[in-house]
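There are 4 protein chains.
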Amino acid sequence: MIRVTVWNEFVHEREHEEIRAVYPDGIHNCIKEFLECDDIVVRTANLFEFEHGLTQEVLDNTDVLIWWGHMAHHLVSDEVVARVQKRIWEGMGLIVLHSGHHSKIFRTMLGTTCNLKWRDDDRERIWVVKPSHPIAQGIPEHFEIEKEEMYGEPFDIPTPEDVVFMGWFAGGEVFRSGVTYTRGNGRIFYFQPGHESNPVYRHPVVQQVIRNAVVWACPTKKYEISCPNFPSLEK
Amino acid sequence: MIRVTVWNEFVHEREHEEIRAVYPDGIHNCIKEFLECDDIVVRTANLFEFEHGLTQEVLDNTDVLIWWGHMAHHLVSDEVVARVQKRIWEGMGLIVLHSGHHSKIFRTMLGTTCNLKWRDDDRERIWVVKPSHPIAQGIPEHFEIEKEEMYGEPFDIPTPEDVVFMGWFAGGEVFRSGVTYTRGNGRIFYFQPGHESNPVYRHPVVQQVIRNAVVWACPTKKYEISCPNFPSLEK
Amino acid sequence: MIRVTVWNEFVHEREHEEIRAVYPDGIHNCIKEFLECDDIVVRTANLFEFEHGLTQEVLDNTDVLIWWGHMAHHLVSDEVVARVQKRIWEGMGLIVLHSGHHSKIFRTMLGTTCNLKWRDDDRERIWVVKPSHPIAQGIPEHFEIEKEEMYGEPFDIPTPEDVVFMGWFAGGEVFRSGVTYTRGNGRIFYFQPGHESNPVYRHPVVQQVIRNAVVWACPTKKYEISCPNFPSLEK
Amino acid sequence: MIRVTVWNEFVHEREHEEIRAVYPDGIHNCIKEFLECDDIVVRTANLFEFEHGLTQEVLDNTDVLIWWGHMAHHLVSDEVVARVQKRIWEGMGLIVLHSGHHSKIFRTMLGTTCNLKWRDDDRERIWVVKPSHPIAQGIPEHFEIEKEEMYGEPFDIPTPEDVVFMGWFAGGEVFRSGVTYTRGNGRIFYFQPGHESNPVYRHPVVQQVIRNAVVWACPTKKYEISCPNFPSLEK
Chain A
2 MIRVTVWNEF VHEREHEEIR AVYPDGIHNC IKEFLECDDI VVRTANLFEF EHGLTQEVLD
62 NTDVLIWWGH MAHHLVSDEV VARVQKRIWE GMGLIVLHSG HHSKIFRTML GTTCNLKWRD
122 DDRERIWVVK PSHPIAQGIP EHFEIEKEEM YGEPFDIPTP EDVVFMGWFA GGEVFRSGVT
182 YTRGNGRIFY FQPGHESNPV YRHPVVQQVI RNAVVWACPT KKYEISCPNF PSLEK
Chain B
2 MIRVTVWNEF VHEREHEEIR AVYPDGIHNC IKEFLECDDI VVRTANLFEF EHGLTQEVLD
62 NTDVLIWWGH MAHHLVSDEV VARVQKRIWE GMGLIVLHSG HHSKIFRTML GTTCNLKWRD
122 DDRERIWVVK PSHPIAQGIP EHFEIEKEEM YGEPFDIPTP EDVVFMGWFA GGEVFRSGVT
182 YTRGNGRIFY FQPGHESNPV YRHPVVQQVI RNAVVWACPT KKYEISCPNF PSLEK
Chain C
2 MIRVTVWNEF VHEREHEEIR AVYPDGIHNC IKEFLECDDI VVRTANLFEF EHGLTQEVLD
62 NTDVLIWWGH MAHHLVSDEV VARVQKRIWE GMGLIVLHSG HHSKIFRTML GTTCNLKWRD
122 DDRERIWVVK PSHPIAQGIP EHFEIEKEEM YGEPFDIPTP EDVVFMGWFA GGEVFRSGVT
182 YTRGNGRIFY FQPGHESNPV YRHPVVQQVI RNAVVWACPT KKYEISCPNF PSLEK
Chain D
2 MIRVTVWNEF VHEREHEEIR AVYPDGIHNC IKEFLECDDI VVRTANLFEF EHGLTQEVLD
62 NTDVLIWWGH MAHHLVSDEV VARVQKRIWE GMGLIVLHSG HHSKIFRTML GTTCNLKWRD
122 DDRERIWVVK PSHPIAQGIP EHFEIEKEEM YGEPFDIPTP EDVVFMGWFA GGEVFRSGVT
182 YTRGNGRIFY FQPGHESNPV YRHPVVQQVI RNAVVWACPT KKYEISCPNF PSLEK
């Protein structure tokens with residue numbers, strides 16, 4: 002049984018009617034819905050909950066954390082970020098979606114700006130670059146997203162361990178749309194699709210990619226981590 | 002002084018008038034012309050010369066070998082391939098261009114099929130993915146090639162050490178257009194542009210990339226390599 | 002069910018009584034014995050069988066091939082090597098043991114000399130460098146092999162995707178003792194222990210590493226590979 | 002002309018007479034002395050200076066920053082760390098020495114704990130693993146440090162781009178002693194030797210490695226970096 006926590010900033014859906022129209026229960030609940038099955042149990046958390054819903058207890062019972070954020074990265078507390086980082090070191094998987102590229106946790110794990118080029122909606126075609134990767138299982142050679150915010154290179158990230166997907170945008174850009182890392186004992190997957198104004202998380206292939214990534218990122222055990230010289234983590 | 006040998010199969014230009022119209026003296030001489038300068042001395046070699054122009058003596062006096070081939074990969078002798086491979090292990094740089102992806106030497110160095118998707122001419126836009134890489138110095142964030150044979154992913158190569166360039170094609174494909182490897186003591190750069198029927202090697206940015214790659218791939222010294230259990234190399 | 006084929010050159014055990022004393026039924030049968038279980042079925046093959054026991058049919062029914070060779074690398078036919086390489090591209094896993102570093106198949110997959118430093122038996126201690134890697138599951142932080150032929154750096158291989166183990170030798174050398182690659186759709190693991198004159202494959206931790214590697218290298222499906230310009234493979 | 006700033010915490014040498022005996026002017030001045038030459042100009046900085054001596058102006062005029070710290074990592078201000086990080090993104094090279102593995106800047110760049118195993122002085126032998134790397138030029142195949150604090154695997158770092166050196170300790174440990182990364186436009190080199198109680202920075206080969214690393218890490222230009230969503234960097 003894989004225990005997933007889907008974290009959503011949950012600001013767009015509250016503040017903008019047109020986003021609420023796309024995801025009436027929030028992006029997190031859309032993801033929860035398509036992920037849940039006999040082998041995967043899902044809870045959700047968001048910015049407005051106590052400790053953003055990411056208490057030590059919740060994290061201790063999370064195998065894979067999925068992260069969606071955009072407008073309010075700066076409102077996520079540094080203490081929670083440090084706690085999530087430590088759990089990744091212990092083995093928890095992290096899946097960062099779309100605008101989460103600028104989240105504190107992603108930047109903290111990678112050490113780069115994670116800047117990229119962007120503009121409004123365009124047609125995207127995503128290509129499988131490493132067909133044998135577990136995250137690419139069952140994914141067609143390429144698939145299309147009719148409307149997706151354009152994210153383009155240069156994408157300021159460390160050289161990934163694997164580039165699983167590459168994105169093509171009709172307007173002339175390319176992007177490393179699915180990339181993997183290991184940090185400590187945890188596996189990290191960044192996946193670019195998922196602008197809030199389009200129902201991208203209802204796309205069956207996008208759903209399959211996230212499902213595959215959950216299985217891939219799930220740890221086999223919890224590793225003990227000591228954090229000398231990290232005063233905030235040493236209590 | 003960097004000593005470059007430009008190897009060209011030299012079949013298209015002999016057999017097809019329309020290719021000869023593009024490169025009257027052969028692709029090799031076009032490359033030789035734009036490369037030669039105070040710091041770089043260039044010789045050429047081709048399939049029809051004795052030992053394809055790649056005698057031990059020529060290779061011993063080559064710092065960087067540039068390889069263009071397409072129709073006649075199978076006519077390159079295995080003995081010459083083994084000799085080139087050994088020189089790469091000793092430190093010689095190798096720059097493989099365009100359809101050279103299926104050359105014996107490239108496949109021998111990488112160990113994969115180097116297969117890719119392809120179709121006829123299209124408009125390509127090439128993006129710099131790693132701006133700080135020596136091969137990207139002075140190259141604009143992106144540049145265009147009006148007509149270039151389409152090469153698309155999946156490209157069956159080992160995970161590159163660096164992806165310096167990524168290509169976008171108007172018809173909907175993406176490609177890792179500039180990738181680097183180290184094998185033994187030699188540096189290898191594959192660069193996708195250069196279909197024989199278009200004057201791609203007269204494009205000033207393409208020329209700059211190849212010039213940068215020559216400097217990057219040039220070794221500082223010759224390393225001694227023993228080849229036990231390579232009977233053909235042990236004499 | 003994982004279908005493993007253990008290939009052993011099988012020369013030492015036939016020709017030298019003292020080696021036969023260590024592995025009376027050959028190294029291959031020792032490995033077969035400890036691997037076989039409800040989830041793993043094992044067959045063996047050796048140099049002296051028809052097509053070295055690696056007919057197309059055998060390979061088509063092999064998920065993971067384990068390779069031990071030493072004295073007779075040059076006697077392995079190039080045709081069989083090409084066939085094995087194609088199967089790796091299709092997804093078959095390859096585990097290369099000890100002196101297999103100089104085997105044709107390993108060098109063909111990696112494109113380097115795979116040279117290393119070596120001398121006679123010494124005490125080796127092997128350290129886990131990437132504890133969360135699937136191949137390291139259940140392996141202690143370090144373990145010892147009382148007598149093992151020394152293999153030392155520099156080891157002329159491409160930068161591995163993962164260095165799982167590093168070896169320490171009492172006489173003063175270090176070695177990347179467990180390294181992984183992907184080539185085409187196949188996973189490759191090289192593991193250094195296993196000199197023929199010591200009963201290393203009876204060491205329970207060594208056995209666990211190989212068992213883990215078999216599970217890790219097993220493909221989920223067979224990928225179709227076309228081999229244009231590989232005349233020997235195109236029939 | 003390469004402009005180097007050598008940063009030293011400078012606590013041991015002030016507080017402990019036996020360390021002062023080894024480095025009477027501080028580790029920073031020892032490094033400054035052997036680095037300075039016609040092509041390299043060196044300044045120093047330490048914890049006790051205003052802004053630890055790393056004002057924006059100093060950093061703007063630094064091509065390569067060398068970092069030695071140990072007891073007082075937690076006293077380095079987060080603001081200075083953020084400033085150094087931004088300069089690395091802009092292209093500044095970073096060389097982290099010995100106990101700097103636990104410095105804020107190293108951990109911030111890599112995103113891992115950078116934990117390792119350690120114990121008191123032992124004899125170390127360092128092996129060149131990638132002889133063709135620019136940092137290994139002129140370095141013998143292996144060299145010894147008679148007394149060095151033991152640093153052992155597992156070393157919790159992201160998979161390096163290159164492992165240039167590996168260390169062997171008489172007591173039975175191994176270590177990735179010289180590793181490289183790129184983050185943003187900056188090159189990073191970690192080098193393990195340099196315990197404060199031994200005169201390791203007077204070792205000619207250690208000096209050559211650091212000199213090579215300075216040349217390797219020096220950027221060709223300053224890259225412009227925008228830092229959206231980094232409030233502290235956006236002024």
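Protein chains in written order, with the working numbering: chain A, 2 to 236; chain B, 2 to 236; chain C, 2 to 236; chain D, 2 to 236. From the three backbone atoms N, C-alpha and C, an ideal C-beta is built for every residue, glycine too. Keep in mind that this is a model prediction, so the values were computed, not measured.
The Cβ atoms of Tyr152 (chain D) and Trp128 (chain D) lie no closer than 7 Å to each other. Neighbourhood of Gly173 (chain C) in chain D, by CB distance below 7 Å: Arg126, Trp169, in chain order.
In the pairwise beta carbon analysis, the stretch 107-125 of chain D is classified as touching the stretch 153-171 of chain D: at least three pairs are separated by under 8 Å. The stretch 131-141 of chain D and the stretch 201-215 of chain D touch, with three or more beta-carbon pairs separated by less than 8 Å.
Its chain contains Glu91, Gly92, Asn186 as the residues whose beta carbon lies nearer than 6 Å to that of Tyr224 (chain D), once the 5 sequence neighbours on both sides are disregarded; these appear in chain order. Straight-line measurement puts the Cα of Arg177 (chain B) at about 12 Å from the Cα of His99 (chain B). Straight-line spacing of the CA atoms in Ile189 (chain D) and Arg84 (chain C) works out to 42 Å. Within the stretch 35-63 of chain A, the runs of alpha helix (DSSP H) at least 4 residues long that lie entirely inside it are, in chain order, 57-61. If you draw a straight line from the Cα of Glu80 (chain C) to the Cα of Leu55 (chain C), it comes to about 10 Å.
In this structure His13 (chain C) touches Met72 (chain C) by the C-beta definition: roughly 7 Å separates them, less than 8 Å.
Secondary structure note for Ile20 (chain D): its alpha helix (DSSP H) is the uninterrupted segment 18-23. Taking 8 Å as the upper bound for CB-CB distance, Gly195 (chain A) and Trp69 (chain A) are in contact here, some 7 Å apart. Listed along the chain, the chain A residues whose CB falls inside 8 Å of the CB of Tyr224 (chain C) are Pro132, Ser133. Val97 (chain C) sits close to Tyr191 (chain C), with the two beta carbons spaced by under 7 Å.
With a contact defined as Cβ atoms closer than 8 Å, Val206 (chain B) and Phe166 (chain B) miss out at about 10 Å.
By a beta-carbon distance limit of 8 Å, Leu95 (chain B) does not contact Ala171 (chain B). Their separation comes to about 31 Å.
No Cβ of chain C is located within less than 7 Å of the beta carbon of Asn213 (chain A). One finds nothing in chain C with a Cβ atom closer than 8 Å to the Cβ of Gln209 (chain A); even the nearest lies about 14 Å away. For Thr109 (chain B), the uninterrupted alpha helix (DSSP H) run begins and ends at 105-111, by DSSP. The beta-bridge partner set that DSSP reports for Arg4 (chain C) consists of C:Val42. Interface residue (Cβ-Cβ distance to chain B less than 7 Å): Glu80 (chain A) is not classified as such.
Chain D has no Cβ within less than 7 Å of the Cβ of Asn62 (chain B). Around the beta-carbon of Asn9 (chain A), 16 or more other beta-carbon atoms lie within 10 Å, marking it buried. At a cut-off of 7 Å, the C-beta of Pro194 (chain C) has no neighbouring C-beta in chain D. Assigned with DSSP and collapsed to three states, Asn9 (chain A) falls in strand.
It is roughly 51 Å from the alpha-carbon of Leu111 (chain D) to the alpha-carbon of Glu19 (chain C). Secondary structure note for Glu162 (chain A): it is in no alpha helix (DSSP H), with a DSSP letter that is neither H nor E. DSSP, read as helix, strand or coil, puts Val77 (chain D) in coil.
Residues of chain C with a Cβ closer than 9 Å to the Cβ of Gly179 (chain A) do not exist, since the nearest Cβ in that chain sits about 16 Å away. At the C-beta level, Val201 (chain D) and Ile140 (chain D) stay beyond 7 Å of one another. Comparing C-alpha distances from Ser198 (chain C) to each of C:His102, C:Val5, C:Glu16, C:Asn47 shows the shortest one belongs to C:Glu16. For Val129 (chain C), there is no enclosing alpha helix (DSSP H); the enclosing beta strand (DSSP E) covers residues 118-129. The beta-bridge partner set that DSSP reports for Phe176 (chain A) consists of A:Gly168. The residue among A:His102, A:Ser78, A:Glu174 with its C-alpha nearest the C-alpha of Glu125 (chain A) is A:Glu174. The stretch 134-158 of chain A contains no complete alpha helix (DSSP H) run of 4 or more residues. Spanning the alpha carbons of Glu149 (chain A) and His204 (chain A) requires a straight line of approximately 12 Å.
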